[in-house]
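One structure is given here, and the rest of the page talks about it.
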Amino acid sequence: MTKATATLMLKAGREKPVLQRHPWVFSGAIARISGNAAPGDVVDVADANGRFLARATFNPRSQIQARILTWEETPIDDTFWQQRLVQAIHNRSRLQLLPATTAYRLIYAESDGLPGLIVDRYGNYLVMQCLTAGIAQRKEQLARLLADLLQPVSIWERSDTDARLKEGLPRHSGLLWGAPPPEELIIQENGRLFGVNLYEGHKTGFYLDQRHNRTLVCQPHFVAGKEILNVFAYTGGFSVYAAAHGAGPITNVDTSASALTQAERNLALNDLERPEDTYLLGDAFQVLRHYRDNGRQFDLIILDPPKFAQSQRDVERAARGYKDLNWLALRLLRPGGLLATFSCSGLISTDLFQKILFAAALDAQRPAQILYHLSQGPDHPTLLTFPESAYLKGFVVSG
Ligand code: SAH
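Just so you know, we're using our numbering here: the sequence shown kicks off at 28 and counts up by one.
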């Protein structure tokens with residue numbers, strides 16, 4: 028279906044976000060629907076007087092009932108999707124990540140005018156995440172268009188995320204195009220090698236959003252000869268950079284045994300076998316408390332926890348979690364040491380995260396200074412009309 032089959036009429040006065048180009052229409056803003064629309068169909072959005080505002084995909088099962096694709100009355104056909112994909116791909120090539128970096132986010136949903144679609148590139152393999160009914164319904168069409176544009180070896184779908192449940196869609200993964208990817212795919216990030224498991228790895232396989240933070244936090248003068256604690260290490264992204272720059276002993280902490288195994292392998296892939304490093308399977312809070320009780324100290328601590336706040340009602344609990352974690356970490360920092368601390372909870376703003384850090388520093392009695400403000404990389408751009416697209420924030424703090 029390329030033309031709208033129905034029109035969502037907004038309540039009087041509820042058109043402002045749409046006019047300001049926010050791409051979501053919540054159920055509470057809708058007065059009525061004229062015509063018939065099934066989940067995933069293209070619908071028009073109109074103001075209370077029936078004036079056309081935008082064209083969107085529809086999903087009555089979601090709180091976000093419409094995801095706006097365009098503010099013009101254009102047909103939503105192959106040409107439309109292809110133009111959006113080409114634009115996003117062009118914007119990524121402008122970043123000049125290749126050849127040193129072969130894995131990056133190619134399509135970042137709303138930020139690229141493609142709500143619900145994430146495509147990450149891992150060398151010649153593409154991983155696609157379909158987060159809305161509109162995208163899920165068109166995944167074969169989108170895979171074909173992507174294959175025409177990029178000639179990948181395969182397109183693998185990783186829609187096995189809980190975000191789909193809010194859309195009334197089941198978790199799903201499987202082959203969309205070409206041959207199945209290998210169990211371990213070797214990618215390059217800033218010239219460093221990483222083995223990625225596209226089937227089981229977190230997100231689409233790798234935390235691509237931390238690329239430039241790994242470079243910044245692991246600068247030679249921050250890490251050389253230093254004792255490092257990499258908490259929530261996953262497959263050792265930060266550790267590989269740190270080891271390459273002559274870090275002292277690195278302790279990697281994670282609750283995932285397979286991630287830690289891969290972390291050790293990733294160091295070896297870069298000819299950085301290091302008997303002095305430790306891979307500790309355990310809960311970050313428990314490990315940090317144990318170190319505190321035993322008076323352990325580190326020169327650089329990296330805290331990159333998973334998303335603590337999944338929804339608005341989690342925010343308070345999440346804030347307490349972040350505070351505890353940062354408080355414990357600051358206690359373990361040698362005087363003059365560095366803490367690189369992150370939050371990938373979209374619902375915790377940078378401002379709130381800074382306040383949490385303030386409270387942690389106050390309680391830890393550390394005169395902490397922020398040296399750097401960190402964010403997700405430029406292949407995960409923030410759309411100004413959609414501030415929700417900025418989710419990763421971090422600080423490098425001198426303790
Ligand atoms: N810094 C990593 C990404 C971290 S993602 C990188 O650069 O690639 C968050 C990690 O935290 C995941 O690997 C997950 O397994 C781990 N994790 C989740 N809960 C944890 C907990 N309570 N204690 C330790 N690790 C945890």
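No residue lacks a Cβ here, since even glycine has one placed at the ideal position from N, Cα and C.
According to the neighbour-count rule (16 or more other Cβ atoms, all chains shown, within 10 Å of its Cβ), is residue i buried or exposed?
i, result
"T262", "buried"
"E42", "buried"
"G421", "buried"
"L411", "exposed"
"V113", "exposed"
"H400", "exposed"
"Q178", "exposed"
"K253", "buried"
"H407", "buried"
"S181", "buried"
"G143", "buried"
"D68", "buried"
"F53", "exposed"
"N86", "buried"
"L125", "exposed"
With a threshold of 7 Å, establish whether the CB of residue i neighbours any heavy atom of ligand 3.
i, result
"A286", "You won't find ligand 3 in this model; what it holds is ligand 1."
For a test of your reading of the model: does the CB of residue i fall under 7 Å from any non-hydrogen atom of ligand 1? Yes or no.
i, result
"Y234", "yes"
"S283", "yes"
"V250", "no"
"H229", "yes"
"Q237", "yes"
"G264", "yes"
"P332", "yes"
"V280", "yes"
"Y261", "yes"
"D71", "no"
"D351", "no"
"D147", "no"
"D406", "no"
"A311", "yes"
Considering just the uninterrupted stretch of the beta strand (DSSP E) at residue i, what are its terminal residues?
i, result
"D71", "69-73"
"N257", "255-258"
"L410", "Unbroken run through L410: none, as it is neither H nor E."
Would you please state the rounded distance, in angstroms, between the beta carbons of residue i and residue j? I believe it to be under 8 Å.
i, j, result
"L212", "Y149", "6 Å"
"L365", "F249", "6 Å"
"R225", "Y152", "Strictly speaking, residue 225 in this sequence is Leu, with Arg absent from that position. Going by Cβ atoms, the distance from L225 to Y152 rounds to 6 Å, so yes, they are a contact pair."
"T159", "T84", "6 Å"
"Q324", "R361", "5 Å"
"G309", "V280", "6 Å"
"E227", "R88", "Not quite, the Cβ-Cβ distance comes to about 28 Å (not below 8 Å), so this is no contact."
"L172", "D105", "7 Å"
"V146", "I134", "4 Å"
"A388", "L357", "6 Å"
Specify, as a first and last residue, the run of the alpha helix (DSSP H) that residue i falls within.
i, result
"Q109", "105-120"
"V342", "342-358"
"V267", "264-271"
"T250", "Residue identity differs from the one stated: residue 250 is Val in this sequence, not Thr. Looking at the DSSP string, the run of the alpha helix (DSSP H) that includes V250 is 247-250."
"V180", "No alpha helix (DSSP H) contains V180, which DSSP labels as neither H nor E."
"F335", "Unbroken run through F335: none, as it is neither H nor E."
"Y318", "311-320"
"K382", "377-391"
"H239", "238-244"
"G161", "160-164"
Looking at the C-beta of residue i, does it have a partner C-beta in chain D at a distance below 8 Å?
i, result
"L112", "Going by chain labels, chain D is absent from the structure shown, which holds only one protein chain."
Any 3 or more C-beta pairs closer than 8 Å across the stretch 263-276 and the stretch 290-299: yes
The stretch 87-96 touching the stretch 114-122, judged by at least three CB pairs closer than 8 Å: no
The stretch 302-318 / the stretch 201-220 touching (three or more Cβ pairs under 8 Å): no
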